[in-house]
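Residue numbers (this note's numbering): 1000 to 1335.
These notes concern the structure reproduced below.
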Amino acid sequence: MLARTALRTLPSTRLFSSSASRLTKVAVLGAGGGIGQPLSLLLKSDPLVTSLSLYDIRGAPGVAADVSHVDTGSEVQGYAADQLDQALEGVKVVVIPAGVPRKPGMTRDDLFNTNASIVRDLAAAIARVSPEAHILVISNPVNSTVPIVAGTLEKAGVFNPKRLFGITTLDVVRATRFLAGEVDASPSETPVTVIGGHSGATIVPLLSQSSFGKKVTGEKYEKIVHRIQYGGDEVVKAKDGAGSATLSMAYAGAKFTNSLLRGLNGEKGVVTPTFVRSPLYEDQGIDFFSSNVELGPNGVEKIHPVGNISAEEEKLLEACLPELKKNIEKGKAFVA
Ligand code: NAD
Ligand code: LMR
């Protein structure tokens, strides 16, 4: 069993935490979108972000002008469609929510044809202008877009697996919130580790590793697992054609960015699930996987093993792995 007390996850009732501050420029690519706008606002509020670079093929200068009036210390600059290279100059962290969202009836994989080339082209620009940047991928399908970014950086000869992250924090945020509702506790008491990938059956919540989660059994267990795996569909359906989760994703993206910045600044014990190049299932041909990762001055400091899991979770993992493998291979094939 993973010792929960040994893992310092960000308290779920506080979005930002800051222990030390350095000059940190963060770029958002896709800053004009449904996620990009609230994410930019939240990053403007993060004391660890000292400079914010907002890029989109439309609307980023307007978002930047608006967000720049918020009375926090960071500087904000917006960049138009033809200014991608300028937007990336000197950045330490690049967050990518660029790309199209789902409509009802679509899977995340249905977004592949549009989003694969968007993400590849942005990664190629990062490789050229800011090859040392830490890259945080939000654009779906994450299980494929992260391998696309890796392959693009590899081709350019600048891939460092310690600096590439697929953001799966929304699954953690959902699992934590849904469990809190189920057991009538505060979300600060119900953090849940979620492993695997970011779509349907590849999302594997480890409720057995939570003292509250392990009390949820039978039909209630089946229901909460399904809700965590398909929480994205709930939002897509409710928005009825107007897109997918944006506000909760912006919150999750800002939360993960703050965790990474704390790790980069030398804070110890910052651990959170994220989809990274991982040795955990490499023997089965799966070289990207989300598990608890310790974040440090170089990005990925330590990839934690999955730990003890229940028989139900073993089954969830069995269903996850083949699908995840397919998604990863699709991303790799696109770059190859
Ligand atoms: P949106 O359509 O509201 O915004 C996307 C933005 O990307 C738009 O402003 C668009 O102009 C911009 N864009 C398109 N091509 C670009 C390019 N080449 N360079 C820069 N910007 C570009 O969509 P959204 O709701 O913000 O969702 C964005 C992506 O995030 C989708 O793929 C969605 O599926 C994904 N998403 C992921 C998670 C997750 O947990 N990882 C959660 C929610 C949504
Ligand atoms: C989510 O989990 O909300 C996102 O991946 C968006 C989606 O398409 O469901």
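Note that CB positions come from ideal geometry on N, CA and C, so glycine has one too.
Assign residue i to one of three DSSP states: helix, strand, or coil.
i            : result
residue 1226 : helix
residue 1302 : strand
residue 1093 : strand
residue 1026 : strand
residue 1273 : strand
residue 1088 : coil
residue 1047 : coil
residue 1056 : coil
residue 1257 : helix
residue 1291 : strand
residue 1164 : strand
residue 1077 : strand
residue 1286 : strand
residue 1194 : strand
residue 1234 : helix
Count the other CB atoms within 10 Å of the CB of residue i; is the residue buried (16 or more) or exposed (fewer)?
i            : result
residue 1324 : buried
residue 1015 : buried
residue 1251 : buried
residue 1276 : buried
residue 1281 : exposed
residue 1219 : exposed
residue 1295 : buried
residue 1133 : buried
residue 1068 : exposed
residue 1181 : buried
residue 1332 : exposed
residue 1098 : buried
residue 1312 : buried
residue 1330 : buried
Could you round the C-beta distance between residue i and residue j to whole angstroms and report it? I think they count as a contact, below 8 Å.
i            : j            : result
residue 966  : residue 1058 : This structure cannot settle anything about residue 966, because the visible part of the chain is limited to 1000 through 1335.
residue 1210 : residue 1308 : The Cβ separation is near 15 Å, so there is no contact.
Any heavy atom of the ligand LMR inside 7 Å of the beta-carbon of residue i?
i            : result
residue 1337 : Here the chain covers residues 1000 to 1335 and nothing more, so residue 1337 does not appear.
residue 1068 : no
residue 1197 : yes
residue 1100 : yes
residue 1246 : no
residue 1116 : no
Residue i: beta carbon under 7 Å from a heavy atom of the ligand NAD?
i            : result
residue 1259 : no
residue 1225 : no
residue 1105 : no
residue 1078 : no
residue 1034 : yes
So with Cβ pairs under 8 Å, would you call residue i a contact of chain C?
i            : result
residue 1245 : Note that chain C does not occur in the displayed structure, where there is just one protein chain.
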